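Asks: Have a look at the structure that comes next, please.
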Amino acid sequence: MLEHLENIINDIALIKKTNKYNLEHIDITFLENCIVELKMKFEEKIDLEKVKMISKIIYQLNIDNTFSELTDHISNEFYAFEFMLEQKIKEEKF
Amino acid sequence: MGEKNKYGYKHNDGHYSKMTGNETNSSYSIYDKNPSEKNHSAIHININTNNGKGSIVEHGSDGKTTKTDTSCYLTSACMRHFKNQFDDNCYELRILRWFRDNFVSKEDIEHYYEIAPTIVEAINKEEKSNLIYDYIYDNVVDYCVAQIENGNYDEAYARYKNSILCFEESIAKPFLEQKFVKTLKRVRA
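Respectively, the protein sequence lines represent chains A and B. So the number in this note's numbering is just where the residue sits in the first sequence, counting from 1, plus 10. So the number in this note's numbering is just where the residue sits in the second sequence, counting from 1, plus 377.
Okay, structure coming up:
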């Protein structure tokens with residue numbers, strides 16, 4: 011599960027290296043920090059509201075960049091993370 | 378609908394689909410194969426739920442991207458005119474967008490995007506929609522581009538604005554009235 015967050019962190023690093031991405035509505039460093047925090051605190055406690063907020067930021071990043079390869083990869087990785095998180099929560103309930 | 382896994386819904390023929398969105402926008406994405414695989418192609422259908430504006434983004438497996446605005450009749454006219462050669466970033470649309478961003482008032486832009494989706498919907502329902510789009514291409518797109526190129530901005534603005542009023546009266550309003558009557562009949566039945 012955490013490998014998806016790791017992949018996103020790597021992708022964000024690539025975005026930060028160039029200036030070809032539209033970051034008009036996005037604070038990319040804030041997004042990066044949120045993902046790092048999510049990864050660090052994963053074993054302790056997951057803030058579901060924060061997950062929802064990150065999901066919206068990633069969507070905005072993707073739509074602002076017309077679903078570019080890199081931003082769509084971030085979106086797909088976070089979708090995978092959310093899916094697995096949902097499965098994990100369901101399993102823990104039972 | 379296929380079975381959901383971490384990459385989206387997997388369909389029987391191997392393609393994937395998924396929904397993403399936030400408070401104002403929703404997107405339905407379709408991938409020809411698992412999106413985690415390299416060289417996949419995809420179509421993203423986007424709609425702004427506040428203003429009804431939409432777009433279709435297509436990514437080929439060769440990395441080529443095309444974006445089409447689905448709620449603009451000027452774009453639709455260009456699409457019909459250029460057919461397979463259509464490029465959303467074509468010269469005509471770039472000129473018109475430049476003109477819109479630099480000369481058209483905020484109120485007129487808002488009005489256009491309010492009424493244009495209805496005009497597009499109404500034209501598309503017409504049997505001879507191609508003729509209407511040809512007319513729009515020749516008399517609005519082509520004409521306005523020529524005026525803008527010659528610096529006749531007032532003339533371009535007048536034609537652009539008149540076209541909206543004309544299509545609103547002759548196409549959008551009758552279409553909405555018809556729609557309203559049909560709904561009313563259904564409710565009363």
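Heads up, the beta-carbon is just placed ideally off N, CA and C, and yes, glycines get one too. What you are looking at is a predicted structure, and each value in this text was computed from that prediction instead of being measured.
Is the distance from the Cβ of S354 of chain B to the Cβ of G431 of chain B below 8 angstroms?
Replies: Lying before the first or after the last residue shown, residue 354 of chain B is absent from chain B, which here runs from 378 to 566.
Asks: Can N411 of chain B and Y386 of chain B be called in contact, C-beta distance under 8 angstroms?
Replies: As a first step, residue 411 of chain B must be located in the second sequence, where it is residue number 34. As a first step, residue 386 of chain B must be located in the second sequence, where it is residue number 9. Taking 8 angstroms as the cut-off, the beta carbon of N411 of chain B is found no closer than this to the beta carbon of Y386 of chain B.
Asks: With 16 other CB atoms within 10 Å as the buried threshold, where does E469 of chain B fall?
Replies: If you number the second sequence from 1, residue 469 of chain B lands on position 92. E469 of chain B should be labelled buried.
Asks: Have a look at L71 of chain A and K505 of chain B and give me their C-alpha separation to the nearest angstrom.
Replies: The sequence position of residue 71 of chain A within the first sequence is 61, counting from 1. The sequence position of residue 505 of chain B within the second sequence is 128, counting from 1. Straight-line Cα distance between these residues: approximately 40 angstroms.
Asks: Note down, in chain order, every chain A residue with its Cβ under 9 angstroms from the Cβ of N399 of chain B.
Replies: For the purposes of this step, residue 399 of chain B is taken as residue 22 along the second sequence, with counting starting at 1. Under the 9 angstroms cutoff, chain A gives S65, K66, I67, Y69, Q70, I73.
Asks: Quick one, which of A:N17, A:D82, A:I67 has its alpha-carbon nearest I37 of chain A's?
Replies: The sequence position of residue 37 of chain A within the first sequence is 27, counting from 1. In the sequence under discussion, the amino acid at residue 37 of chain A is Asp, which differs from the Ile named in the question. Comparing Cα positions, the closest option is A:I67.
Asks: Apart from the five residues on each side of it in sequence, which residues of its chain come closer than 8 angstroms, Cβ to Cβ, to V518 of chain B?
Replies: Here residue 518 of chain B corresponds to residue number 141 of the second sequence, with the count starting at 1. The answer, listed in chain order, is L451, A454, C455, H458, E469, L473.
Asks: At 3 residues or longer, and completely inside the region 386 to 419 of chain B: list those beta strand (DSSP E) runs for me, N to C.
Replies: Qualifying beta strand (DSSP E) stretches, in chain order: 393 to 398, 402 to 408.
Asks: With 8 angstroms as the threshold, decide whether the Cβ of F40 of chain A is near any Cβ in chain B.
Replies: Numbered from its first residue, the first sequence carries residue 40 of chain A at position 30. No, its Cβ sits nowhere closer than 8 angstroms to a Cβ of chain B.
Asks: Against chain A, does H392 of chain B count as a neighbour if the rule is that its beta carbon must be under 8 angstroms from one of theirs?
Replies: The residue labelled residue 392 of chain B in the question sits at position 15 within the second sequence. It does not; no Cβ of chain A falls within 8 angstroms.
Asks: Would you please state the rounded distance, in angstroms, between the beta carbons of S438 of chain B and S418 of chain B? I believe it to be under 8 angstroms.
Replies: Translated into the one-based positions of the second sequence, residue 438 of chain B becomes position 61. Translated into the one-based positions of the second sequence, residue 418 of chain B becomes position 41. Confirmed, Cβ separation roughly 4 angstroms.
Asks: In terms of residues, what are the limits of the beta strand (DSSP E) holding E435 of chain B?
Replies: If you number the second sequence from 1, residue 435 of chain B lands on position 58. Its beta strand (DSSP E) spans residues 431 to 436.
Asks: Shorter than 8 angstroms from the beta carbon of N466 of chain B to some beta carbon of chain A?
Replies: Working through the second sequence from its first residue, we reach residue 466 of chain B at position 89. So, not an interface residue.
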